[in-house]
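Residue numbers (the numbering used here), protein chains in the order written: chain A, 1 to 766; chain B, 1001 to 1766. Ideal placement from N, C-alpha and C gives every residue a C-beta, glycine not left out. One structure below.
Protein chains: 2
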Amino acid sequence: MASVQDISVSAAINLISALVFLLAFAIVRLQPINDRVYFPKWYLKGIRASPRSSGSFVNKFVNLDFRTYIRFLNWMPAALKMPEQELIHHAGLDSAVYIRIYLLGLKIFVPITVLSFAVLVPVNWTSGETLDHIEDLTFSNIDKLSISNVPSGSPRFWAHVAMAYVYTFWTFYILYKEYKTISTMRLHFLASDKRRPDQFTVLVRNVPPDPDESVNEHVEHFFRVNHPDHYLTHQVVYNANKVAELVEKKKSFHNWLIYYQTKYERNPENKPKIKTGFWGLWGKSVDAIDYYMTEIEKLTEEEAEEREKVISDPNAIVPAAFVSFKSRWGAAVCAQTQLSRNSTIWLTDWAPEPRDVYWDNLSIPYVQLSVRRLLMAVALFFLTFFFMIPIGFVQAFASIDGIEKALPFLKPLIDMDVVKSFVQGFLPGIVLKIFLILLPMILMIMSKIEGFTSLSSLDRRSAAKYHLFVIVNVFFGSIITGAAFEQLERFLHQSPTEIPKTIGVTLPMKATFFITFIMVDGWAGIAAEILRLVPLVMFHIKNTFLVKTEHDREQAMDPGSLNFSVAEPRLQLYFLLGLVYSVVTPILLPFIIVFFAFAYMVFRHQIINVYDQKYESGASFWPDVNRRILIGLGISQLLLIGLLSTKHASKSTPLLIVLTVLTIWFHKFCKDRFESVFVKFPLQDAVVKDTVERTTEPNFNLKEYLQDAYLHPVLKGIELEILKELDDEENNLLVATKRTSRWSSNTVSNATSEEQKTVSEMRLVL
Amino acid sequence: MASVQDISVSAAINLISALVFLLAFAIVRLQPINDRVYFPKWYLKGIRASPRSSGSFVNKFVNLDFRTYIRFLNWMPAALKMPEQELIHHAGLDSAVYIRIYLLGLKIFVPITVLSFAVLVPVNWTSGETLDHIEDLTFSNIDKLSISNVPSGSPRFWAHVAMAYVYTFWTFYILYKEYKTISTMRLHFLASDKRRPDQFTVLVRNVPPDPDESVNEHVEHFFRVNHPDHYLTHQVVYNANKVAELVEKKKSFHNWLIYYQTKYERNPENKPKIKTGFWGLWGKSVDAIDYYMTEIEKLTEEEAEEREKVISDPNAIVPAAFVSFKSRWGAAVCAQTQLSRNSTIWLTDWAPEPRDVYWDNLSIPYVQLSVRRLLMAVALFFLTFFFMIPIGFVQAFASIDGIEKALPFLKPLIDMDVVKSFVQGFLPGIVLKIFLILLPMILMIMSKIEGFTSLSSLDRRSAAKYHLFVIVNVFFGSIITGAAFEQLERFLHQSPTEIPKTIGVTLPMKATFFITFIMVDGWAGIAAEILRLVPLVMFHIKNTFLVKTEHDREQAMDPGSLNFSVAEPRLQLYFLLGLVYSVVTPILLPFIIVFFAFAYMVFRHQIINVYDQKYESGASFWPDVNRRILIGLGISQLLLIGLLSTKHASKSTPLLIVLTVLTIWFHKFCKDRFESVFVKFPLQDAVVKDTVERTTEPNFNLKEYLQDAYLHPVLKGIELEILKELDDEENNLLVATKRTSRWSSNTVSNATSEEQKTVSEMRLVL
């Protein structure tokens, strides 16, 4: 058990490292040369021009205006200044709602902290079993402030039970209010949103094979029959994985070409050569620039050929299609209803945004999908429960005793007070952190295997897996492994009433560990986030070797994005810790509040200045956030039951079980009340938007607008053939003419996908 | 532990009582006077005329044709003769599918029994720990044939594990095939069904209050805006509970009037008098016939007044409505989509059949509904877990020891062998049965409080509650209470791995108890069902005192109906027992097979000749049936794990856990694959039916057809005012004229609800 001294050392270390990060950020950020690393969002928006284009040579790289350094923390108020409406417009609803989670943390925990310090801390503090203890103000142990200081069977526990009620109802109230706000925000966002292809489009999967018709014809005929008044057009899905591969390869070759060209320009005497063999290690030595130029030419041809092949080959069409309707009403109806008697074919769902589509998963047959999910569920179980054996092992090793035993020569070093505190306060958190970094990729791959069709759902799904992992391994694992690794084994051999007791008892003892964890992961970690060390280094490497034009520089920027699948479950750990310790060890709460406040500011700054979201899902992750906070609340109640029953206060158990039942009910209530806003689109809103649009733009050609929105990104630009084929049935000369002129003269303005828009915006900037 | 002798006594008793019931049925059924009790379905269909109308006086009451008695069992082949298609047409899909559950039982258990007797019985039988036991052919104990005969740690247990796999996959296969068949049957039934109001109608609940508009106007405007092309008409819902009460009261008074009139006719000298006070016990003595005649007159007036009031009073309109559409497509779309942003208002769902509507629950606000469900869930928990204390108490009392202790003077009687066997073999089953009779009413009331809006959903919901009760109290209760009552307490204080062990150990010992139970409940009980003793007595009482005309006789018939909410969960107990004991004590299986075969015949006979279903839900209960059989399968696997681990065969645990995981997955698979057929109506089918109908009957006036289909039954006939009001907006003279003529001259033929149809059919018969 770490003492207050250990905590102080750890706090000092973490505060200092956080400050160092912040200072480094303040200095590095002001250098014009780094401008694109710290303000990429503005560049992408086309609002910020490169500061390097004006001023003296030195000014292009180093900021010599010392006044700006004095205000090195002024990014904080700046980050808070932008009003929420503008933020939504600037960064999208996903990001704006995401940072509201931090705000939600503050809303929940600030009043809880105040109440805890006003009520529970005095109750605990004055509960020393002998009066002497109260006099002893040196408090070498923070247990004085925690529930462990209250003697068994004391009537003082009623205060804790009462506070558990207050905290639960406060959390309900805040969550309900927040859910309501977010769903209004979402509806408002969807309603005020500009026209988007996905509003009119439904993704149809598992199109059954038809012996007489191609997928293309089959889809058209099916929807013309079953949605006669509303069907507009559709886009079949091509299996363009090979083309995508070629495009990737070409891009990499292109980078090498530029690298060698730059090299040659800087040193014209020495023409760069490479070997053509494996990894450039052996083989014939040739001129690098020539080599890459011919290779790129070859690839370009190959790519064009492959594209032709994909579009003309009926086998390259997967049994899925994006079907568009004449109105939002028609799309809403089709997305929410069942089409076929057989619920495994003609599956309809809202189409994701074009940039949100995960193309590889569109063709998985139904039964395979079902088997894949079973396998992944089993895999997740094993990953979750057997991954923690290494964690426990490493943590046991990373204790004072473990190190002394394994590496006895370090003993004199470790016995020094500072080092000892460091090892005890810092190492366990670091160990945990390293483990956590490894995981998200595996979970994302698992989600991809499960067959989700949009990036946003992949993210949400990975987040769910990660959350399970964090609860089992980080939270319960940290509480229990100290004693033994065999968590699952113990759970199976203990009675359901014993488990909360076992965990409840160790809970107060682990408070200091979690405080350390919060400081390492929450404070220093967030400060490191704002410094963006990796993107900074990467940008400068690219800038040196690959950038020739402003366009290349644009490409070298890596704005990154909020990684929902990792960030949100990690964030949930803080909610869980806060809720669990709010009654048990309130001293932990201020650390959580600092985390939420600091992270809110940092991420608001990042969202405004840095991140560029890959997709916009309209905050469709909120039901998950709400559910997980309630899971945390439920866990906190069960652990309190266990803790109190070991303290001979089991009379309180029925009272606390009522709370748990209420929590489950509240979850169900929220789900019924709000969730549909996040999965369905109300017809009422669809009608309103349709009517408004029909009135304001009566002559808008929707079909033209939607025509190529859902073409695989690598196929864009050469879809002429397929379009002609699609129009064969109409034979309307007027329309045909129009379309030809469109394709010959006016490609950019008709480009519809968000991706193309971004590109065109970028071009305008350059 | 009951011996084979006890079982034989019990079997003899139950077989004899079953035979007595069957003989009684055979004799009683053939008497013309009872014809209406045993063939009411045919009377209701109008196919069978009263046999009493022809022949001699005696022949009217007693069947003297002795040849018919010889063939007293010929109802059995007769019951099996009707082909399924005809049965569906005759009795509806609900009934036809319901009896398929018994057939499903046979399909699952006949092969399992054969395999068990071929493989497991020899394995168990030859496993006696000493060879002597095998010689001992008197087998005083049926344990010889059960898994308990296999010594601990024997490799023979692999046979049981292998069989568990075979049985599980066989069950999967049969369940999948059956689910597929039933869903095809349902789709075919819906597709080939004649036009019904509910195909075009959606029930809208939680219509929000509007300050400017009445509910009537608000509904119309809302749907005209949001379903502009499809909305046809709607019917507001009146709170007609008071009128319904008056109608009930009048009916009862009318019965009394007829009773006294009959009495007076038979004995004209003695004019019947009654006292007007409480329950006819005191007060002024008046002439009974006059009294009831004036009372009925008064009630008729009051009723008319109340009806006027309900229809004219805007406060009598509840915030719900039945909205009808121009096509099935429109209704299917509206039922499956969300209308409003706020998911607690404008809730849409398929309208139940008119006769299936449970009118009292249409006006419950959303939040109240949510709270009601919470309260009922808590109530169900207490009912389920604390109801079993009395069961355990009574069962402990009803044992030999218990009776001898409580009533020592019975000792000599009980010590007689026959009585002893009777007490041991018969009483526990009876005790259980009595308890089970009390319950369904409570559960139905609970379901009504939960706010379901159709009789079919109430039945399904009560069945779910009853099923939980049966599993916890009848199944687990019977296995554990023998040792102690504190089942829940034990469950809470045992580890999850201990619970299956505790139950697994006692499992083989309880086989004889369950065999007795099957014979009492399954054999004799089903035979009693076919005799219909209660309806028989009731019919003759009514026939004597109330029947004056053939119409009254029609009214006196009580065909009854399949009580799904009770029958199905009870039936599930047999599946559970069969699956659990298929590996443990195969000797139980033949008893189950006899039950399924016998019950299949009996219920097929009853459905053909007796029952008159109150509603037709198109077999929408099948997902529940499938799920519950899988729950039984899962329980059987968990118990086998427990049993085997107490037998030192815990190496098999991982293998059996794989089975449990597969069972859960198979449930999910079935749900995803088939369930939507039972809750949604595919647009494809809707389009086909709409098109066919539009072609065959282009001039059908759907609006007229639907106009009063969903009027509260007690308000039927006087809805003129409201209809006029509804048409005010149209002001189409032609339509108005048509409608007036319809109401003045042609009420019966336009009566649309199934209820009215039945009544009119009945009238045609008379």
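Query raised in the report: What's the gap between the Cα of B/Trp1158 and the Cα of A/Ser645?
Result: 43 Å
Requested in this report: Using a Cβ-Cβ cut-off of 8 Å, state whether B/Trp1665 counts as contacting chain A.
Outcome: yes
Query raised in the report: Comparing the C-beta of A/Phe674 with each C-beta of chain B, is any distance below 8 Å?
Result: yes
Query raised in the report: Which residue's Cα is closest to the Cα of A/Lys448: A/Leu468, A/Leu438, A/Arg461, A/Glu213?
Result: A/Arg461
**Report entry** Strand pairing of B/Arg1205, partner residues [DSSP]
**Finding:** B/Leu1347
Report task. Could you round the C-beta distance between A/Phe596 and A/Ile518 to whole angstroms and report it? I think they count as a contact, below 8 Å. Result -> In fact, because the Cβ distance is near 10 Å, the residues do not count as touching under 8 Å.
Report task. From the DSSP output, read off the bridge partner residues of A/Lys273. Result -> A/Asp287
Query raised in the report: Straight-line CA distance for A/Pro559 to A/Leu656?
Result: 47 Å
Query - Nearest-angstrom Cβ-Cβ length linking B/Leu1187 and B/Ala1351, presumed shorter than 8 Å - result: Not a contact, Cβ separation roughly 19 Å.
Query - Within 7 Å of chain B by C-beta, residues of the segment 182-195 of chain A in sequence order - result: Leu187
Report task. Leaving aside the five residues before and after B/Val1472 along the sequence, list all residues of the same chain whose C-beta is less than 6 Å from its C-beta, in chain order. Result -> Thr1384
Requested in this report: For B/Thr1344, return the contacting residues in chain A, with the cut-off set at a CB-CB distance below 7 Å.
Outcome: Arg673
Report task. Go ahead and label A/Thr737 buried or exposed: buried means 16 or more other beta carbons lie within 10 angstroms of its beta carbon, across all protein chains shown. Result -> With a pLDDT of 32 at A/Thr737, under the threshold of 50, the predicted position of this residue should be treated as unreliable, though the coordinate-derived value follows. Counting Cβ neighbours within 10 Å, A/Thr737 comes out exposed, since fewer than 16 surround it.
**Report entry** Rounded separation between A/Leu347 and A/Arg205 - CA only
**Finding:** 5 Å
**Report entry** Buried or exposed (CB count within 10 angstroms, at least 16 for buried), B/Ser1008
**Finding:** exposed
Query raised in the report: Leaving out five residues before and five after A/Lys180 in sequence, what residues of the same chain have Cβ atoms less than 8 Å from its Cβ?
Result: Phe674
Query raised in the report: When burial is assigned at 16 or more other CB atoms within 10 Å of the CB, is A/Thr663 buried or exposed?
Result: buried
Query raised in the report: Would A/Pro682 count as contacting chain B if we go by Cβ distances under 8 Å?
Result: yes
Query - Alpha carbon of B/Ala1191 to alpha carbon of B/Met1082, nearest angstrom - result: 22 Å
Report task. Within its chain, find whatever has a CB closer than 6 Å to the CB of A/Tyr292; leave out the 5 residues flanking it on each side and keep chain order. Result -> Phe253, Trp256, Leu257
Query raised in the report: Using a Cβ-Cβ distance under 8 Å, would B/Ile1445 count as near chain A?
Result: no
Query raised in the report: Taking the DSSP output, what are the residues bridged to B/Phe1513?
Result: DSSP lists no partner for B/Phe1513.
Query raised in the report: Helix, strand or coil: which one does DSSP assign to B/His1090?
Result: helix
Query raised in the report: Quick one: complete alpha helix (DSSP H) runs, 4+ long, within the segment 286-373 of chain A?
Result: 288-312, 328-336
Query - B/Phe1603 beta carbon less than 8 Å from that of B/Tyr1102 - result: yes
Query raised in the report: Taking all protein chains shown into account, do 16 or more other C-beta atoms lie within 10 angstroms of the C-beta of A/His605, making it buried, or fewer, making it exposed?
Result: buried
Requested in this report: Consider the Cβ of B/Asn1074: report whether some Cβ of chain A lies at a distance smaller than 8 Å.
Outcome: no
Query raised in the report: Excluding the five sequence neighbours on either side, which residues of its own chain have a C-beta within less than 8 Å of the C-beta of A/Arg36, listed in chain order?
Result: Tyr43, Ser50, Phe539, Arg553, Ala556, Met557
**Report entry** Beta-carbon gap between B/Lys1614 and B/Leu1455 smaller than 8 Å
**Finding:** yes
Query raised in the report: If we call anything under 8 Å between Cβ atoms a contact, is A/Pro500 one with A/Leu639?
Result: yes
Query raised in the report: What in chain A is Cβ-close to B/Val1225, meaning under 7 Å?
Result: Val687
**Report entry** CB contact flag (B/Phe1021, B/Leu1531, <8 Å)
**Finding:** yes
Query raised in the report: Which chain A residues are close to B/Ala1351, counting only those with a beta carbon under 7 Å from its beta carbon?
Result: Here the premise fails: no neighbours, minimum Cβ distance about 17 Å.
Report task. Could you check the C-alpha separation between B/Glu1497 and B/Val1123 for me, to the nearest Å? Result -> Position check: residue 1497 of chain B holds Thr in this sequence, whereas Glu was assumed. Rounded to the nearest angstrom, the two C-alpha atoms are 27 Å apart.
Report task. Look at the alpha carbon of B/Trp1770 and the alpha carbon of A/Phe666, and state the distance between them as a whole number of angstroms. Result -> Lying before the first or after the last residue shown, residue 1770 of chain B is absent from chain B, which here runs from 1001 to 1766.
Requested in this report: Just confirm the distance between the C-beta atoms of A/Val219 and A/Val310, as a whole number of angstroms; I'd bet it's less than 8 Å.
Outcome: With 8 Å as the limit, A/Val219 and A/Val310 do not qualify as a contact, their Cβ atoms being about 18 Å apart.
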